[in-house]
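Protein chains in written order, with this note's numbering: chain A, 1 to 260; chain B, 1001 to 1394. Even glycine gets a Cβ: it sits at the ideal position worked out from N, Cα and C.
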Amino acid sequence: MSVNLTLVGQSLAEKLAGDSSDQCIQDNGAFCFNWIAENFSDRYVTPTLEHLYLVGFSVILGFLLAMGMAVLSHRQRWLVPPFIGVTGVLYTIPSVAFFFLLLPITGRGVDTALIALTAYNLQIIYRNIVAGLNNVPVGPKDAGRGMGMTARQMLWKVEFPLAVPEIVAGLRIATVSTVAIATLADFAGGGGLGSLIITGSNITFKTNILVVTVLAVGMAVIFDILFLLAQRRLTRWQTAGESRGGSKRFGAAMARSRAA
Amino acid sequence: MAGEAESNGAEALPVTYRDTTKRYPGSDNPAVDSLSLDVAAGEICVLVGPSGCGKTTAMRMVNRMVEITDGDILVGDRSVRDRTPFELRREIGYVIQQIGLFPHRTIGENIATVPRMLGWDQSRTTQRVDELISVIGLDPELRDRYPAQLSGGQQQRVGVARALAANPGVMLMDEPFGAVDPINRERLQNEFLRLQAEVKKTILFVTHDIDEAIKMGDRIAVLREGGKLAQYATPAELLMAPANSFVEDFVGADRALKRLALMRVSDVDLWEAPLAFVGQSTGEVRAKLEGAEVPHALLVDSDRKPLGWLSETDLRKDLVPEVPDSSPHPILDGSDVMRDALSDLLQAESQYAPVVDGHGRITGVLSIEIVQEFLSSDEATEDEHSASERPLGV
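As structure tokens, then:
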């Protein structure tokens, strides 16, 4: 993939030298619309999809691992500090260094990038799950226990559902920051939007930088909105109380939010 | 309740503490010390005492939320120690001060919690939920709302309904009305007593409020620091004959007044009212007044319903007038609680009040003097025992 991109870089250089008809390119303008329209589908679609893959895969994997760790440490409370410690250390390794540290072990490629990105997500997601579980009010827990719920029923039917706001908040932060960090994944040979910047002369080409930036920021914003919607939907019980005081008001509020 | 029979509901079961002791590790003194109590099936036993007296611990050992250190507790004739905690808890209703409704589940889902764990089928669960929503007097529309959309009082009712869902034989209630404001608390207490008169569960009820204990309890266990039982008695016995100075202090200096809460107006000997009828000659009425306990004549209609008190001016006429000088209010009902009757008298700044039966007919007169005599008498014991049933439907 990166070889390909290098070729694209070369062809761009030729283009810059040869095609003098486009004054915008000649001047290295920040927004050369014609050039974008001509080159978008060839240059940007594949790296964008790669980027989506890096983010999606590492967030989902990080979430599953963090959930596993949370279930374990919920039963065995002593595991919480070591889990937070280990994921914290992973989180503090500078990303580029992390990629290079992994290269001798896992080699160049998407896998290496995914391992590093997933490791970063663990800390954020795990911490939020633990905080969410800790914040579950004592009343429902005591009532659940008193009604004969097993520890497992309590965890899956009471504690996790009530921790959803914090868990989703963790996923939002993890996803948005992964969109940013994944632009460095190409150092490990992982491709993504970063490959469009760190290769060849692209880094000095302003229009290119702008397009990559807009794509990355747009992706982060879209993910954020999707999570926000998911959170609203999953925690309707939480916002329901705001409309207390009669079905009429409740209905009106619903209608307003739909219209908005 | 109509659906009771088909819900395969458990019969109310007696609960027996046998030298039950709880000692927490690292603590020298037991939290509950060799407690022995018999709670009869279908009765409300209130565990009351100052904070740190072990009343909640004592209650929570029944469903093994707290493990017994020594001794035993029987629910029915089975030791709770022989039961698995989850199975045991699903057969015992549980209501707590924080209510503890699941905020992410609708009212209907909350009530269905235990039936679902017990594997009831959908239609039976739905039917039971609907039944309970009507039993607690909740608008059926609220069934699909979330707890946050309900008022505190409504949430508390749902908490009780949830505990009743699988029709347990025993209910544990830990300060169930503790978080509700005083006005709503009074209403919820009365509602609950009405409900209990229907469902007749065996209830262990924890409170720190002696007034609530007197109102709710068929029997009251007063616990003192260190989890020792100070007295176990009916509310009337507790007020009349505190076993020791601790109970006396805890019950309070106003226990004579509290006894009034246990009595109805019809439980005391009322005075006979000198009655007057419209058109009667005032001479006859004056003759009646001589030597009567009540120094005023009460005008009644042909159904003997009170119309008002006759004044001196009224009696100066030849015939008893149709409209008396002063109103008969307050008119008390025989089923009124004495405490409320006294407060009505005091509020109206009146010495006497006519007492009527269920049809509004005069049965006698209650005077402040009667109340005073009652409060100062110690030998009213028999009266009180017969009146020790709680004032239902206050």
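Subject >> chain A contacts from the stretch 1081-1098 of chain B (Cβ-Cβ distance under 9 Å) >> reply: Pro1085, Phe1086, Glu1087, Leu1088, Arg1089, Arg1090, Glu1091, Ile1092, Gly1093, Tyr1094, Val1095, Ile1096, Gln1097, Gln1098
Original post:
Cα separation between B/Tyr1146 and A/Ile84?
Top reply: 35 Å
Subject >> Residue-chain proximity (B/Asn1008, chain A), Cβ-Cβ < 8 Å >> reply: Residue placement at B/Asn1008 cannot be trusted, given a pLDDT of 45 that sits under 50; what the coordinates show is reported in the next sentence. Taking Cβ atoms only, chain A never reaches closer than 8 Å to B/Asn1008, which makes this a no.
**OP:** Could you name the residues of the stretch 1054-1065 of chain B whose beta carbon sits closer than 7 Å to any beta carbon of chain A, in the order they occur along the chain?
**Re:** Asn1063, Met1065
Subject >> Endpoints, the beta strand (DSSP E) within which B/Phe1205 is located >> reply: 1202-1207
**OP:** Please compile the residues from chain B whose C-beta is within a distance smaller than 8 Å of the C-beta of A/Met67.
**Re:** Those within 8 Å of A/Met67 in chain B number zero; the least Cβ separation is about 18 Å.
**OP:** Flag B/Ala1387 as yes if its beta-carbon sits less than 8 Å from any beta-carbon of chain A, otherwise no.
**Re:** With a pLDDT of only 43 at B/Ala1387, under the threshold of 50, the placement of this residue in the model should not be trusted, and no figure is reported.
**OP:** Please name the residue, chosen from A/Gly170, A/Thr207, A/Met219, that lies closest to A/Ile37 on a Cα-to-Cα basis.
**Re:** First, the residue type needs correcting, since residue 37 of chain A is Ala and not Ile in the sequence shown. Out of A/Gly170, A/Thr207, A/Met219, A/Thr207 has the C-alpha closest to the C-alpha of A/Ala37.
Subject >> Proximal residues of chain A, C-beta to C-beta of B/Gly1100 below 7 Å >> reply: Gly139, Pro140, Asp142, Ala143
Original post:
If you draw a straight line from the alpha carbon of B/Ile1133 to that of B/Ala1161, how long is it in whole angstroms?
Top reply: 7 Å
Subject >> Given 8 Å, three or more beta-carbon pairs between the stretch 184-193 of chain A and the stretch 154-173 of chain A >> reply: no
Original post:
Secondary structure at A/Arg77, three-state DSSP: helix, strand or coil?
Top reply: helix
**OP:** Give the DSSP-derived three-state secondary structure of B/Met1173 in the structure shown.
**Re:** strand
**OP:** Taking only the alpha-carbon atoms, compute the straight-line gap between A/Ala97 and A/Ala180 and give it to the nearest angstrom.
**Re:** 16 Å
Subject >> First and last residue of the uninterrupted alpha helix (DSSP H) at B/Cys1045 >> reply: B/Cys1045 -> not in any alpha helix (DSSP H); beta strand (DSSP E) instead, spanning 1044-1048.
Subject >> Neighbouring residues, chain A, relative to B/Met973 (Cβ below 8 Å) >> reply: As shown, chain B starts at 1001 and ends at 1394. That puts residue 973 of chain B outside it, with no answer to give.
**OP:** With a floor of 4 residues, list each alpha helix (DSSP H) that falls wholly inside the stretch 1226-1310 of chain B, ordered by position along the chain.
**Re:** 1235-1240, 1245-1251, 1255-1260, 1282-1289
**OP:** With DSSP collapsed to three states, give me the class of A/Ala255.
**Re:** In this predicted model, A/Ala255 has a pLDDT of only 38, less than 50, meaning its place in the structure is not dependable; the value taken from the coordinates is given anyway. If DSSP states are grouped into helix, strand and coil, A/Ala255 belongs with the helices.
Subject >> Secondary structure of B/Ala1197, DSSP reduced to three states >> reply: helix
Original post:
Of all Cβ atoms in chain A, is any one closer than 8 Å to the Cβ of B/Gln1149?
Top reply: yes
Original post:
Taking the alpha carbon of B/Met1059 as the point to measure from, which residue in B/Gly1042, B/Arg1090, B/Lys1022 has its own alpha carbon closest?
Top reply: B/Lys1022
**OP:** Tell me, please, whether the CB atom of A/Val261 is closer than 8 Å to any CB atom in chain B?
**Re:** Nothing in the structure corresponds to residue 261 of chain A, since chain A is present only between 1 and 260.
**OP:** Compute the minimum distance between the beta carbon of B/Arg1219 and the heavy atoms of the ligand ADP, and state whether it is under 7 Å.
**Re:** Only the bare structure without any ligand can be found here, which leaves the ligand ADP out of the picture.
**OP:** Could you check if B/Arg1361 is buried or exposed, using at least 16 other CB atoms within 10 Å of its CB as the buried criterion?
**Re:** exposed
Original post:
DSSP state of B/Arg1339, grouped into three classes?
Top reply: helix
Original post:
Between A/Tyr91 and the rest of its own chain, which residues show a CB-CB distance below 7 Å, the 5 nearest in sequence each way excluded?
Top reply: Tyr120, Gln123
Subject >> Contacts around B/Ala1040, its chain only, beta-carbon distance under 6 Å, and the 5 residues preceding and following it disregarded >> reply: Pro1014
Original post:
Does A/Ala240 get closer than 8 Å to chain B when you measure Cβ to Cβ?
Top reply: yes
Subject >> Closest Cα partner of B/Gln1280 within the set B/Val1294, B/Glu1293, B/Ser1302 >> reply: B/Ser1302
Original post:
Going by C-alpha distance, which of B/Ala1230, B/Gln1127, B/Gln1155, B/Glu1212 is nearest B/Ile1182?
Top reply: A small correction: the amino acid at residue 1182 of chain B is Pro; Ile does not occupy that position in the sequence shown. If we check each option's Cα against that of B/Pro1182, B/Glu1212 comes out closest.
**OP:** Please name the residue in B/Gly1159, B/Gln1372, B/Gly1334 whose C-alpha comes closest to that of B/Leu1346.
**Re:** B/Gln1372
Original post:
chain A beta carbons: is any one of them nearer than 8 Å to that of B/Thr1126?
Top reply: no
Subject >> Closest by C-alpha distance to A/Gly88, when choosing among A/Leu61, A/Tyr126, A/His74 >> reply: A/Tyr126
Subject >> 8 Å Cβ cutoff, A/Leu215 in contact with chain B >> reply: no
Subject >> Where the beta strand (DSSP E) through B/Ser1034 begins and ends >> reply: 1032-1039
**OP:** Hey, could you find the ends of the alpha helix (DSSP H) A/Ala216 is sitting in?
**Re:** 206-234
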